[in-house]
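Going down the list, the protein sequences come from chains A and B.
Going by the working numbering, the first sequence opens with residue 73, and the numbers climb by one from there.
Going by the working numbering, the second sequence opens with residue 73, and the numbers climb by one from there.
There are 2 protein chains.
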Amino acid sequence: MSSSSLDQRALIEEIIRRLRTVLGEARTPVLLHQPLFAGNESKYIQQCIDTGWVSSAGSFVTQLEHQLAQFTGARHAIAVVNGTAALHIALMLAGVERDSEVLMPSLTFIATANAAAYCGAVPHFCDVSLRTLGIDAARLDDHLALVAELRPEGCINHRTGRRIAAVVPMHTFGHPVNLSKLLEVAAKWHIPVVEDAAESLGSYYRQKHTGTFGGLGILSFNGNKTVTTGAGGAILTDDDDLARRARHITTTAKAPHPWEYVHDELGYNYRMPNLNAALGCAQLEKLPELLDRKRRLAHAYAQAMADLSGVSLFVEPPDCKSNYWLNALVLDRADFDLRDQLLAALNAANLQSRPIWRPMQQLPMYRDCPRMDLSTTEDLAARIVNIPSSPGLVRPSN
Amino acid sequence: MSSSSLDQRALIEEIIRRLRTVLGEARTPVLLHQPLFAGNESKYIQQCIDTGWVSSAGSFVTQLEHQLAQFTGARHAIAVVNGTAALHIALMLAGVERDSEVLMPSLTFIATANAAAYCGAVPHFCDVSLRTLGIDAARLDDHLALVAELRPEGCINHRTGRRIAAVVPMHTFGHPVNLSKLLEVAAKWHIPVVEDAAESLGSYYRQKHTGTFGGLGILSFNGNKTVTTGAGGAILTDDDDLARRARHITTTAKAPHPWEYVHDELGYNYRMPNLNAALGCAQLEKLPELLDRKRRLAHAYAQAMADLSGVSLFVEPPDCKSNYWLNALVLDRADFDLRDQLLAALNAANLQSRPIWRPMQQLPMYRDCPRMDLSTTEDLAARIVNIPSSPGLVRPSN
Chain A
73 MSSSSLDQRA LIEEIIRRLR TVLGEARTPV LLHQPLFAGN ESKYIQQCID
123 TGWVSSAGSF VTQLEHQLAQ FTGARHAIAV VNGTAALHIA LMLAGVERDS
173 EVLMPSLTFI ATANAAAYCG AVPHFCDVSL RTLGIDAARL DDHLALVAEL
223 RPEGCINHRT GRRIAAVVPM HTFGHPVNLS KLLEVAAKWH IPVVEDAAES
273 LGSYYRQKHT GTFGGLGILS FNGNKTVTTG AGGAILTDDD DLARRARHIT
323 TTAKAPHPWE YVHDELGYNY RMPNLNAALG CAQLEKLPEL LDRKRRLAHA
373 YAQAMADLSG VSLFVEPPDC KSNYWLNALV LDRADFDLRD QLLAALNAAN
423 LQSRPIWRPM QQLPMYRDCP RMDLSTTEDL AARIVNIPSS PGLVRPSN
Chain B
73 MSSSSLDQRA LIEEIIRRLR TVLGEARTPV LLHQPLFAGN ESKYIQQCID
123 TGWVSSAGSF VTQLEHQLAQ FTGARHAIAV VNGTAALHIA LMLAGVERDS
173 EVLMPSLTFI ATANAAAYCG AVPHFCDVSL RTLGIDAARL DDHLALVAEL
223 RPEGCINHRT GRRIAAVVPM HTFGHPVNLS KLLEVAAKWH IPVVEDAAES
273 LGSYYRQKHT GTFGGLGILS FNGNKTVTTG AGGAILTDDD DLARRARHIT
323 TTAKAPHPWE YVHDELGYNY RMPNLNAALG CAQLEKLPEL LDRKRRLAHA
373 YAQAMADLSG VSLFVEPPDC KSNYWLNALV LDRADFDLRD QLLAALNAAN
423 LQSRPIWRPM QQLPMYRDCP RMDLSTTEDL AARIVNIPSS PGLVRPSN
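Take a look at the structure:
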């Protein structure tokens, strides 16, 4: 065995030892992210059962939308069946259409790229910043200077002939992108911004909630998110007309009438059911506590990993307050072998862990999409391991 | 006031009087269709809350799929987020693609047409039979003889140049289409059958469950259906490979791996959450009782309306056992004025009622779709009124 692999083994063992100082012995699997149900979840769901209102009509959907708007500061929140559906509709409303392009990180969950594909559009992959894990706006600007030009019909990729219809910053693991630079570049190139805040409920950039910077933003309430509705998502916007359109298109575009079934355009069956919204309302009531727990868990991890050579905990970027949705260990150097050995050892030690997503340009259906140089993405893909991040892993504050 | 309108008023009053003999005085609104939760609904949902398994993983989804397969006799059932999603994927798997055509009734809920549109395909509307309210297969055969021809690449509409990729019989209000004739015509023209059994869980054609005749079928568990999961649906198939593909595509096409996030084709976030599946498992346990209640309600309505001139209750077609999902009054003659007066009077009398759907070719986005002569559809659209059909409106049998 080489000294290098001995070093690797020692590093992995030390990481596990330090994680155990935070998490205890882990005699049973510690999951990557489990929801915490410690409020009115059962009570509100029982109300749905008792009244029979479990489906697309019911007061919890409206209440959830109101709570979301209030919490995020968005003027409107439209609750839908999941984050993917939210992104699909948000892109459509931003003007993404067949044979247009959508700028997005390739270091993202598959939903970001798929939502563009559902619109018939083509993802155009951007590299990310080491400091945010999200789109590197300065380098995107340089890239656009090479491939794009402003014409009367919009920003055109002159290599493909397609219109660049939107840019989708995704706030990886809850850590906000450098939004001031990104908005500046988007404005310069006349590209609408749709924020993928699926992971960043409770994350702020300069005291403003993520998902409220672009014309449209989206949230996710999947089972592994900070707040869950089983499956669910929401569209955020300050624009009254976009909100009205979003609500219409996500409810089969049915025209209002006491009994007639008239639909006036192609719509989608994307409304969040009342049963799921009931769970979300109870969860949102506890969001400040959940965020506090998650920050304290991240702080404990950061302290435990401090001064350990070879790895560090990713911490929130400057000017940001992150929800620390998923805590991420970042290896000092890109090494898939080390990463995979660490993953195997962590999972064997009952500490459920996973790598960051496979970059989109490496998947067969997105292999031929346009892209900028993705060297930071390729580097980070070999360095990041997510570790258990459930809010229930720390006690509540007093 | 003309004698005709006096007759109309008398007819409407007599209909309401007779409905009250079944439903009582209706001092509060009697809804069109309310779910009945009288089993393990709360218990199973509480298990989700207690264990934290509310989302896309969890044992209730598998259990629901097993119960559905067992009840319908399909080899496989794949639970998804709603009936629209089920139909979208079933059409894709049947080979529906961009710029192909899908034969379907124009007298259907919007989801049937929208699912074809999601595939980039064009609905091709068929007229319905007075006896089934579903596709009139004999007349479809005549229509195909005029517009279609068999070529090596399939059945081609020679007027549009497009391939006819599927036919979608929809079992209106739970009443089965004449499936033997429909399957014969589909086989003759080499057109795959995808059954839209969204409304017909518990309905049988010649003792075989609807949704199990075509290569693929779908069910819906929307809040207004016989069995509800809040929102939900399922794909039915006997084909192992189609089932495997359906499961893969509806779960983001993620390749199985303990931690890697690799997706090998364009997939969808369509998996039913465990929370909703829990509700469905409890509901399915009670399905025989629900079906019994619904049959007895239909029987009571039929008796109440017997011998009333001008209107009748629609009853199950020959060779069929219907779930009587929504009971339908059928006026003797097509008269929108009478229909709308009846709807207004019923709703004013606290008996929530609605007309059949606006035929698809009358909606702006489907106005230019190919179609056969739709005279029976146009006739029926002015004659049908659905009346309250909840299983809770009759007592359980002993």
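Every residue gets a Cβ at the ideal spot worked out from N, C-alpha and C, and that includes glycine.
Counted within 10 angstroms of its Cβ, other Cβ atoms place residue i as buried (16 or more) or exposed
| i | result |
| --- | --- |
| Asp79 of chain A | exposed |
| Gln424 of chain B | buried |
| Glu173 of chain B | buried |
| Gly192 of chain A | exposed |
| Ser447 of chain B | exposed |
| Pro330 of chain A | exposed |
| Phe408 of chain A | exposed |
| Thr93 of chain B | exposed |
| Leu452 of chain A | buried |
| Lys280 of chain A | exposed |
| Lys260 of chain B | exposed |
| Gln375 of chain B | exposed |
Collapsed DSSP secondary structure at residue i in the structure displayed
| i | result |
| --- | --- |
| Ile307 of chain A | strand |
| Ala325 of chain A | coil |
| Asn399 of chain B | strand |
| Ser381 of chain B | coil |
| Met73 of chain A | Note that Met73 of chain A scores 47 on pLDDT, short of 50, meaning its location in the model is unreliable and no value can be drawn from it. |
| Ile236 of chain B | strand |
| Tyr277 of chain B | strand |
| Lys260 of chain B | helix |
| Arg92 of chain B | helix |
| Phe245 of chain A | helix |
| Ile428 of chain A | coil |
| His105 of chain A | coil |
| Arg443 of chain A | strand |
| Leu202 of chain B | coil |
Residue range of the unbroken beta strand (DSSP E) whose run includes residue i
| i | result |
| --- | --- |
| Ile207 of chain B | From DSSP, Ile207 of chain B is part of no beta strand (DSSP E); its letter is neither H nor E. |
| Ile456 of chain B | Ile456 to Ile459 |
| Leu291 of chain A | Leu288 to Ser292 |
| Met176 of chain A | Glu173 to Pro177 |
| Gly226 of chain B | Gly226 to Asn229 |
| Ala149 of chain B | His148 to Val152 |
Between the CA atoms of residue j and residue i - distance to the nearest angstrom
| i | j | result |
| --- | --- | --- |
| Ala420 of chain A | Thr100 of chain A | 11 Å |
| Tyr116 of chain B | Gly464 of chain B | 21 Å |
| Thr232 of chain B | Pro328 of chain B | 42 Å |
| Ala185 of chain A | Tyr342 of chain B | 16 Å |
| Gln142 of chain A | Asp311 of chain A | 15 Å |
| Asp440 of chain A | Ala189 of chain A | 13 Å |
| Met73 of chain A | Asn458 of chain A | Here Met73 of chain A scores only 47 on pLDDT, less than 50, and its place in the model should not be relied on; the value that follows carries that caveat. Rounded to the nearest angstrom, the two C-alpha atoms are 28 Å apart. |
| Asn383 of chain A | Met377 of chain A | Per the sequence shown, the amino acid found at residue 383 of chain A is Val instead of Asn. Taking the straight line joining both Cα atoms gives about 8 Å. |
| Asp404 of chain B | Leu410 of chain B | 11 Å |
| Thr282 of chain A | Glu271 of chain A | 10 Å |
| Ser131 of chain A | Asn348 of chain A | 12 Å |
| Asp199 of chain A | Leu212 of chain A | 8 Å |
| Thr298 of chain B | Gln106 of chain B | 9 Å |
| Leu91 of chain A | Ser128 of chain B | 28 Å |
| Arg319 of chain A | Glu85 of chain A | 51 Å |
| Ser461 of chain B | His243 of chain A | 48 Å |
| Arg317 of chain A | Ser114 of chain A | 33 Å |
| Met176 of chain B | Pro241 of chain B | 6 Å |
| Met344 of chain A | Tyr333 of chain A | 20 Å |
Span of the alpha helix (DSSP H), counted from its first residue to its last, around residue i
| i | result |
| --- | --- |
| Arg368 of chain B | Leu359 to Met377 |
| Asp122 of chain B | Glu113 to Thr123 |
| Glu137 of chain A | Ser131 to Thr144 |
| Arg411 of chain B | Phe408 to Ala420 |
| Ala270 of chain A | Here Ala270 of chain A belongs to no alpha helix (DSSP H), and DSSP marks it neither H nor E. |
| Glu221 of chain A | Run containing Glu221 of chain A: none in the alpha helix (DSSP H); it sits in the beta strand (DSSP E), Ala220 to Arg223. |
| Gly339 of chain A | Looking at the DSSP string, Gly339 of chain A is not in any alpha helix (DSSP H), and its letter there is neither H nor E. |
Near the ligand MN: residue i beta-carbon under 6 Å from a heavy atom
| i | result |
| --- | --- |
| Ala158 of chain A | The ligand content of the structure shown is nil, which means the ligand MN is not present either. |
Cβ separation of residue i and residue j, assumed to be a contact under 8 Å, to the nearest whole Å
| i | j | result |
| --- | --- | --- |
| Leu356 of chain B | Leu136 of chain B | 7 Å |
| Ala162 of chain A | Ile263 of chain A | Not quite, the Cβ-Cβ distance comes to about 14 Å (not below 8 Å), so this is no contact. |
| Thr284 of chain A | Gly145 of chain A | 6 Å |
| Gly559 of chain B | Tyr396 of chain B | A question about residue 559 of chain B goes unanswered here, because the residues of chain B that appear run from 73 up to 470. |
| Asn346 of chain A | Val133 of chain A | 6 Å |
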